[in-house]
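A quick write-up on the structure given underneath.
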Amino acid sequence: MSTLTSYTSGTRPAASSNSGLCIFRSDTNAIEVSDGTSWQTYNSDGASSTFSSNSYSVDFDGSNDYIDISGAAGLLNSATAFSISLWYYADAYGGAVFGGGTSGTNGVWILPYASGSNFFFAVRNGGSTSITTTSPALNQWVHVAATFNAGNGALYLTPSGGSTTTTTSTSLPSSLSSSAATDLSIGRLAAGFNFYFNGKVDEVAIWNREISSSEVSDIINNKSYSAVSAMWRLENTAAATIGGSGYDGTLTNGPTYSTSTPY
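Sequential numbering from 0 applies to the sequence shown in numbering that gives the first Met the number 0.
Structure, rendered in structure tokens:
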């Protein structure tokens with residue numbers, strides 16, 4: 000009987016030269032298959048994608064540019080559970096890296112607003128409810144994961160090469176409204192709000208479920224995304240990497256691609 004060869008993320012061969020190779024990842028207890036570009040991971044809770052390279056991010060000027068991903072609004076409208084993951088590099092405070100909604104009391108957004116305790120993960124359905132914590136310093140790549148499940152939420156902030164800070168809440172609404180993802184965007188809060196992001200964003204992903212802290216760690220340490228619903232790697236294109244063409248993004252008002260990336 001044949002067996003799979005075991006590897007870790009540090010010892011596995013390059014995916015690009017081993018298309019079709021099937022291995023066992025002993026550090027994550029998962030099966031991985033090379034598609035010739037990256038390692039595709041299969042965990043007990045569904046298929047994952049693992050990415051070993053990252054060449055581009057999207058750079059926003061903080062004035063009026065953003066990426067329209069309104070095709071993915073259905074993942075968040077009326078949602079009782081969801082998660083959002085992304086990397087950002089802030090040149091200045093004050094703009095949302097991710098957002099949607101129709102008012103200050105209806106929507107969902109991730110906003111490194113100012114220094115001090117002014118980083119907001121807002122989940123709002125008729126009220127101003129948010130998870131608030133200290134904004135990381137400017138001019139560094141930071142990974143943010145925001146999770147929500149029927150009134151409970153968590154915000155994970157991890158500067159590149161640093162430790163994760165976790166902030167939780169049990170006082171969020173039980174669900175998002177049916178219009179919470181109106182004008183869903185990367186790089187701005189929503190239409191009508193002057194909160195455009197000044198900096199770079201990369202590797203944006205949405206799940207229609209709450210991801211665990213171990214999954215957050217796997218994203219940061221292994222670039223592995225388990226059973227993700229939609230993803231935009233922003234590798235010189237705003238097309239959806241995962242989820243299908245209906246989720247494709249549109250660069251609006253001139254954001255540009257940058258070779259500065261989190262890894």
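Where is the CB? At the ideal position from N, CA and C, for every residue including glycine.
Starting from the C-beta of N168, find all residues in its chain whose C-beta is less than 6 Å away, skip the five residues before and the five after it, and write them out in chain order.
Correcting the residue type first, residue 168 is Ser in the shown sequence and not Asn. For S168, where only same-chain residues beyond five positions count, the Cβ hits under 6 Å are I130 and G152.
Taking the alpha-carbon positions, what's the R208 to C21 distance?
Using only the alpha carbons, I get a separation of about 28 Å.
V107 and L75: beta carbons closer than 9 Å?
Yes, they are a contact pair.
The beta strand (DSSP E) that contains E202, what's its start and end?
Here the beta strand (DSSP E) through E202 covers N197 to W206.
Identify the residues that DSSP records as bridge partners of F120: which are they?
The partner list for F120 (beta bridge, DSSP) reads I109 and I130.
Between the Cα of Y87 and the Cα atoms of A78, A136 and P172, which residue gives the shortest distance?
Cα-wise, what sits closest to Y87 is A136.
Can you say whether G19 is buried or exposed, counting buried as having 16 or more other CB atoms within 10 angstroms of its CB?
Classification of G19: exposed, given that the 10 Å Cβ count is below 16.
Determine, using beta carbons only, whether S259 and I66 come nearer to each other than 9 Å.
Not in contact: S259 and I66 (Cβ atoms no closer than 9 Å).
Here's the rule: buried if 16 or more other CB atoms are within 10 angstroms of the residue's CB, otherwise exposed. What is T4?
Classification for T4: exposed.
If you scan the segment 140-195 from start to end, which runs of the beta strand (DSSP E) of 3 or more residues do you find wholly inside it?
Correct list: 140-148, 151-158 and 164-168.
Which parts of the segment 68-110 are runs of the beta strand (DSSP E), unbroken and 3 residues or longer, counting only runs that do not cross its ends?
With a minimum length of 3 residues, the continuous beta strand (DSSP E) runs that stay inside the segment 68-110 are 80-89 and 97-102.
Which class does I210 belong to by DSSP, given the choice of helix, strand or coil?
Note: I210 maps to coil in three-state DSSP.
Going by C-alpha distance, which of G253, G186 and G70 is nearest L85?
For the residues G253, G186 and G70, the minimum Cα distance to L85 belongs to G186.
Tell me which residue opens and which closes the beta strand (DSSP E) that A229 is part of.
Here the beta strand (DSSP E) through A229 covers A229 to W231.
Could you compute how far the alpha carbon of A80 sits from the alpha carbon of P12?
Straight-line Cα distance between these residues: approximately 36 Å.
For the candidate residues T236, F118, Y224 and A180, whose alpha-carbon lies nearest to that of A72?
Ranking the options by Cα distance to A72, first place goes to A180.
With a threshold of 16 other CB atoms inside 10 Å of the CB of G35, please say whether the residue is buried or exposed.
With fewer than 16 Cβ atoms within 10 Å of its Cβ, G35 is classed as exposed.
Are there 16 or more other CB atoms within 10 angstroms of the CB of S114, so buried, or fewer, so exposed?
With fewer than 16 other Cβ atoms within 10 Å, it is exposed.
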